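Peer 1:
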Amino acid sequence: MGCQFIPEMDGSSFSETFSIKTLESDSTLNVECRWRFSPPLLPKKVNGNAHPYYKSIDLILNITSSEKAETNGRTTNGTEGLADCTDTPLGIIINKCVTPKLPYAENSRPNRAIEALIKVLLVPRNGYLCRRDILQLRMVHSDCVESVIPLQVEDKPYPAALQTETDLLSLLQSSPGALICKTSIQSADGLKVFDLVDREVNERLSFDWILPDKATALTVAVVGGRPLFDSTTGGYGSEGPFDAARALGIAVIVLDRPGHFMEGPKYSHLRDDFIAVDMTSDDSLPERLTVAVKSRKIDGIITFSDEYVIATAKAAEMLKLETELVESIITAHYKDATRKVLNTPNMQSFRLEGAADLDNEEISKTLQSLKYPLVIKPCRGGASRGVKKVQNHHKLREAIDQLESDGLTKYGILLETYISGPEIDANIALWDGELMFAEITDDFPCTADAIDATIADNFGETVMVSPTLLSQKEQELIKSSLHQTLLKLGFRNGVFHVEARVQNSSMRYQEIDGLVDLADTGSPSPGVPEVYLIEVNARPPGLDCAFSTLHAYGVDLCALQLLQCLRDGDRFKAMCKPFLSVTQYWSANCLIPIHRHNVLVPAGFCSKVLERMPDVAPLVYRSELFRQPGTIVSPPLGVEFLAYFLVQSRTDRRKVLQTYHRLIQTCRDVLDEV
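So the sequence shown is residues 17 to 690, counted in the working numbering.
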């Protein structure tokens, strides 16, 4: 029985028939394989040369019972004379196609053909995958790929595929994986689906994902295992970094307090080892970390937790392991020190020790010369805690008194100019001082951005949408400015999460058809656009933002930071490459705040929200609680977040913003009914 929806391939195709024993039963199947080499889509030539990033085979499978099969127009019985492909890469592909979970295997019977179109990827040269799951990572959310079938080769390189080869089983030794085409596209487009998949693969794999040398097996000590968010789902704060470590072949030793959830056997599969350490944030923490790992063979030490960045850098220095300059990291963590180094023109900046300084005559005179509105913030802190906008001296004193009563003045207080204009978050990757990757995200206005904002309003984030809607000219200005800022602070390598504002932007936030978004100002700006730094975080962004970048751009920021601490420049530079069109969709990180005191966190919260929004659920590609179900939470010292939802749309930015507002309201409804 031949393929019912597939026209014949042209004369350049090959046909081979095999037998296979299925994994889920003892039955034997016959598989007719028609295949051809697909012409490579070559990258643009550089200095007259170009090499393909991948090669591929278009493979048509016609799977039937061994009792009756049709091969080249001739009916045969049994498996007489057929090569058994069960224990080969082809066998892996075929078994995936006959699994009931796949659409075209549904309701199929042994005597009924299963038909499938497969794009088999081949390496263009001898080498190793830059990470073992690179195909799954880069093909995620493809519109024309049903699933990725990895074909792993352990401890040896994939051999380059030869275009002269006519034996399918031999060619598959050069394949790191195959893509099963979606049946909905197969039915509509027949063989044209291969052209669609070719364009999709070219979009996603046009970078050096095959490297000539095998990565050495290395071990990294991770300072701070981060919390277990949800014991009912297994969601935890280090999921992104630890997934990346496994894919990169990096062993992980976790350093955290005694009793941390990763210490015991239940979650031991998440790490390779655990060392209990007193994690008190004091001057002795770097030494305690150093002592904890000194007897172990580790190749790097790293943290993804803001509170341990300085201590980890100091420990790395003591252990003579890779780190950015400790002085630079300390400068970035203390906002007053950052301002002092940068000395930004037109930016007022003044440091106070505490409320008592307001009564100092000399300081009082300086304060009188400052122009309002001002932003006051703790010199060291996070999550916008204690950050307030003040309109006059009276409110300045009131806000500082509040910071002091909240215990947020330990490291001093910074007063600085409030910069109006769109706020952005940028995730930046540097290698040897060179800008390798930059993502710019629109950070939407918060309550403190209002003209009439009071000190009761806050700078807590609301929704972040990537990519930015700012003009290309302003995007280039942001990249250049923040790149130079990082260099001026002394940074050369790694991943940095940077916040900034663009003054005199050609765009501003305004309401359009009931929805606030960036739009042209419609009038000349009072001056040229200028980028003003808010802060530098010498680490990747939080878990939610990192997953957004991973899926929208194909760039794993956590993996890059791991590679940086191991000084693995080849893989770092290769994996900084986003998709050819940079991003595959609009992505909104919808943060759900704890909107009142004494909120009981319900089990299955995210699922309950999406059950009430069935039309929205397909747009949400990841959602997660930040707090353990069954606990009662309140927003301490400003904004705290309960959960996040990542929402995507390939065509409509307004759609993701509309979804955000609906999610906020539905989340409140669910929480208030508990």
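We treat Cβ as the ideally placed atom computed from N, Cα and C, and that holds for glycine.
All of these numbers come straight from a predicted model, not from anything done at the bench.
Beta carbon of residue 658, beta carbon of residue 672: below 9 angstroms?
Peer 2: no
Peer 1: Is it buried or exposed for residue 378, if we count other Cβ within 10 angstroms and need 16 for buried?
Peer 2: exposed
Peer 1: What does the Cβ neighbour count give for residue 285, buried or exposed, with the cut at 16 atoms within 10 Å?
Peer 2: The residue in question, residue 285, is exposed, as its Cβ has fewer than 16 Cβ neighbours within 10 Å.
Peer 1: Tell me whether residue 102 sits in a helix, a strand or coil according to DSSP, three-state version.
Peer 2: coil
Peer 1: On the three-state DSSP scale, how would you describe residue 43?
Peer 2: coil
Peer 1: Mapping the DSSP letters down to three states, classify residue 444 as helix, strand or coil.
Peer 2: In the three-state reduction of the DSSP assignment, residue 444 falls in the strand class, which pools E and B.
Peer 1: Does the region 245-265 come into contact with the region 139-150, if we say contact requires no fewer than three beta-carbon pairs (one atom in each stretch) closer than 8 angstroms?
Peer 2: At 8 angstroms Cβ cutoff, the stretches touch.
Peer 1: Ignore the nearest five residues each way along the sequence and tell me which others in residue 688's own chain have a CB closer than 7 angstroms to its CB.
Peer 2: none
Peer 1: The alpha helix (DSSP H) with residue 583 in it runs from where to where?
Peer 2: Segment: none, residue 583 is in no alpha helix (DSSP H) and carries neither H nor E.
Peer 1: Give the single residue among 608, 619, 622, 349 whose Cα lies nearest to the Cα of residue 505.
Peer 2: Checked all of 608, 619, 622, 349; the closest Cα to residue 505 is 349.
Peer 1: Since I believe residue 363 is in contact with residue 433 (beta carbons under 8 angstroms), could you give me their beta-carbon distance rounded to a whole number of angstroms?
Peer 2: 5 angstroms
Peer 1: For residue 159, count neighbouring C-beta atoms within 10 Å of its own C-beta (all shown protein chains included) and say buried if the count is 16 or more, exposed if not.
Peer 2: Classification of residue 159: exposed, given that the 10 Å Cβ count is below 16.
Peer 1: Can you give me the Cβ contacts of residue 607 inside the same chain, cut-off strictly under 6 angstroms, excluding the 5 residues immediately before and after it?
Peer 2: 477, 657, 660
Peer 1: Okay, do the region 624-642 and the region 511-518 touch, 3+ Cβ pairs below 8 angstroms being the bar?
Peer 2: With contact defined as three or more Cβ pairs closer than 8 angstroms, the region 624-642 and the region 511-518 are not in contact.
Peer 1: Return helix, strand or coil for residue 64, following the three-state DSSP convention.
Peer 2: Low confidence applies here, because residue 64 scores a pLDDT of 48, under 50, leaving its location unreliable and the question unanswered by this model.
Peer 1: Excluding the 5 residues flanking residue 683 on each side, which residues of the same chain have their C-beta closer than 6 angstroms to its C-beta?
Peer 2: 608, 625
Peer 1: Does residue 347 have its Cβ less than 9 angstroms from a Cβ in chain C?
Peer 2: This model lacks chain C altogether; it includes just one protein chain.
Peer 1: Could you tell me whether the region 399-412 touches the region 435-442, where touching means 3 or more Cβ pairs closer than 8 angstroms?
Peer 2: no
Peer 1: May I ask you to verify whether the region 271-278 touches the region 241-252, counting CB pairs closer than 8 angstroms and requiring at least 3?
Peer 2: yes
Peer 1: Let's test the definition: count the other Cβ atoms within 10 Å of the Cβ of residue 576 and tell me whether it reaches 16, buried, or not, exposed.
Peer 2: Around the beta-carbon of residue 576, 16 or more other beta-carbon atoms lie within 10 Å, marking it buried.
Peer 1: Consult DSSP for residue 218 and reduce its assignment to one of helix, strand or coil.
Peer 2: helix
Peer 1: Taking the alpha carbon of residue 372 as the point to measure from, which residue in 385, 305, 414, 299 has its own alpha carbon closest?
Peer 2: For the set 385, 305, 414, 299, the Cα lying nearest the Cα of residue 372 is the one of 414.
Peer 1: Taking the straight line between their C-alpha atoms, what separation do you get for residue 217 and residue 254?
Peer 2: Taking the straight line from one Cα to the other gives about 30 angstroms.
Peer 1: Using the Cβ count rule (16 or more neighbours within 10 Å means buried), how would you classify residue 521?
Peer 2: Residue 521 is classed as buried because its beta carbon has at least 16 other beta carbons within 10 Å across all chains shown.
Peer 1: Which residues share a DSSP beta bridge with residue 602?
Peer 2: 665
Peer 1: Would the beta-carbon of residue 409 fall within 9 angstroms of that of residue 383?
Peer 2: yes
Peer 1: Once the 5 residues before and after residue 64 are set aside, which same chain residues still bring their CB inside 6 angstroms of it?
Peer 2: Confidence is the limiting factor: at residue 64 the pLDDT is only 48, short of 50, which leaves the residue's position unreliable and the question unanswerable from this model.
Peer 1: Hey, residue 643 and residue 663: beta-carbon distance below 9 angstroms or not?
Peer 2: no
Peer 1: Do residue 110 and residue 169 have their CB atoms nearer than 9 angstroms?
Peer 2: no
Peer 1: Is the beta carbon of residue 579 closer than 9 angstroms to that of residue 570?
Peer 2: no
Peer 1: Closer than 8 angstroms is the cut-off here; do at least three beta carbon pairs connect the region 559-569 with the region 478-498?
Peer 2: yes
Peer 1: Assuming the contact rule is C-beta atoms closer than 8 angstroms, residue 139 and residue 581 should be a hit. Round their C-beta distance to whole Å, please.
Peer 2: Not confirmed; about 28 angstroms, so no contact.
Peer 1: Is it the case that the Cβ atoms of residue 71 and residue 231 are separated by a distance below 9 angstroms?
Peer 2: no
Peer 1: To which residues does DSSP link residue 450 through a beta bridge?
Peer 2: Bridge partners of residue 450: 447.
Peer 1: With DSSP run on the structure shown, which of helix, strand or coil describes residue 115?
Peer 2: coil
Peer 1: Please state whether DSSP places residue 38 in a helix, a strand or coil.
Peer 2: coil
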